[in-house]
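Novice:
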Amino acid sequence: MALDDDIRVLAGIALFEGFAQEQLRLLAFGAENISVASGRLIYAEGDSADCAFVVTSGTVKLVHGSGDTAVELQTLGANTLLGELALIADTSRPTSAIAATDVELIRLNRRLFRRILEEYPQLAALLHHRISADLQELVARIAQLAGRFED
Numbered sequence: 001m002a003l004d005d006d007i008r009v010l011a012g013i014a015l016f017e018g019f020a021q022e023q024l025r026l027l028a029f030g031a032e033n034i035s036v037a038s039g040r041l042i043y044a045e046g047d048s049a050d051c052a053f054v055v056t057s058g059t060v061k062l063v064h065g066s067g068d069t070a071v072e073l074q075t076l077g078a079n080t081l082l083g084e085l086a087l088i089a090d091t092s093r094p095t096s097a098i099a100a101t102d103v104e105l106i107r108l109n110r111r112l113f114r115r116i117l118e119e120y121p122q123l124a125a126l127l128h129h130r131i132s133a134d135l136q137e138l139v140a141r142i143a144q145l146a147g148r149f150e151d
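Per full-length UniProt numbering, residue 1 is the first one in the sequence shown, and the count goes up by one each step.
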């Protein structure tokens, strides 16, 4: 994909809402476009995570476990961000990602993402607020579900 196409795709990702065109251009310029054939592993559960991926076309299955105990958790399509936590924190992959169809991805490097946040501290503050709100929402959903699992 061309740089302008990558910028348009990144602009549609919720995590990057509020990024200026210049900031999206920096992110896209340092990104890598990858093609993955259907059935191929994108990353494995437990692997160290140093990047995130934006699905630009095709579908990806997220799978927990392996072999007979593997459970497909979700299928994701275009304009989806995989592994966003890896952009801001040292972490490992909680699931495996497998190309359900031929997939086109944009690979986003953590080091570059952090450098952009350092250069534009207002973005770091915006992301902090967004992540905090998402975490509060998650905790509220867990609290709602907790009652279903009590004796």
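Where is the CB? At the ideal position from N, CA and C, for every residue including glycine.
Since this is a predicted model, take the numbers as computed values, not measurements.
With a CB to CB cut of under 7 Å and the five nearest residues on each side skipped, what residues in its chain are close to G77?
Specialist: Start at 1 with the first residue of the sequence shown, and residue 77 comes out as number 77. Closer than 7 Å at the Cβ level, and outside the excluded window around G77, lie V55, T59.
Novice: Using a Cβ-Cβ cutoff of less than 6 Å, which residues in the same chain neighbour F16 once the five nearest sequence positions on both sides are dropped?
Specialist: To locate residue 16, count along the sequence shown from 1; it is residue 16. The residues are L10.
Novice: Please confirm if the stretch 109-123 is in contact with the stretch 26-36, defined as three or more CB-CB distances below 8 Å between the two stretches.
Specialist: As far as the Cβ criterion goes, the stretch 109-123 touches the stretch 26-36, which means the pair count is three or higher.
Novice: Look at R107 and D47 and say whether their C-beta atoms are less than 8 Å apart.
Specialist: Position 107 of the sequence shown, counted from the first residue, corresponds to residue 107. Position 47 of the sequence shown, counted from the first residue, corresponds to residue 47. In this structure, D47 does not lie closer than 8 Å to R107 by Cβ.
Novice: For H64, write down the residues that DSSP places opposite it in a beta bridge.
Specialist: Locating residue 64 in the sequence shown gives position 64, counting from the first residue. Under DSSP, H64 forms a beta bridge with V71.
Novice: Which one of T91, T69, V36, D68 has the shortest CA to CA distance from A49?
Specialist: Indexing the sequence shown from 1 puts residue 49 at position 49. With distances taken between Cα atoms, A49 lies closest to T91.
Novice: Going by alpha carbons, who is nearest to L73 out of F53, I98, N79?
Specialist: Translated into the one-based positions of the sequence shown, residue 73 becomes position 73. Checked all of F53, I98, N79; the closest Cα to L73 is I98.
Novice: Measuring CA to CA, which of L62, E84, A143, A125 is closest to F53?
Specialist: Translated into positions along the sequence shown, residue 53 becomes position 53. Residue E84 is the option with its Cα nearest to F53.
Novice: Is it right to say L82 is buried, meaning 16 or more other beta carbons lie within 10 angstroms of its own, or is it exposed?
Specialist: On the sequence shown, residue 82 is found 82 positions in, with the first residue counted as 1. Under this definition L82 is a buried residue.
Novice: Around the C-beta of L127, are 16 or more other C-beta atoms found within 10 angstroms, so that it is buried, or is it exposed?
Specialist: Here residue 127 refers to the residue found at position 127 when the sequence shown is read from its first residue. Classification for L127: buried.
Novice: Taking L123 and I116 to be in contact with their CB atoms under 8 Å, please state how far apart those CB atoms are, rounded to whole angstroms.
Specialist: Taking the first residue of the sequence shown as position 1, residue 123 is located at position 123. Taking the first residue of the sequence shown as position 1, residue 116 is located at position 116. 7 Å between Cβ atoms; contact.
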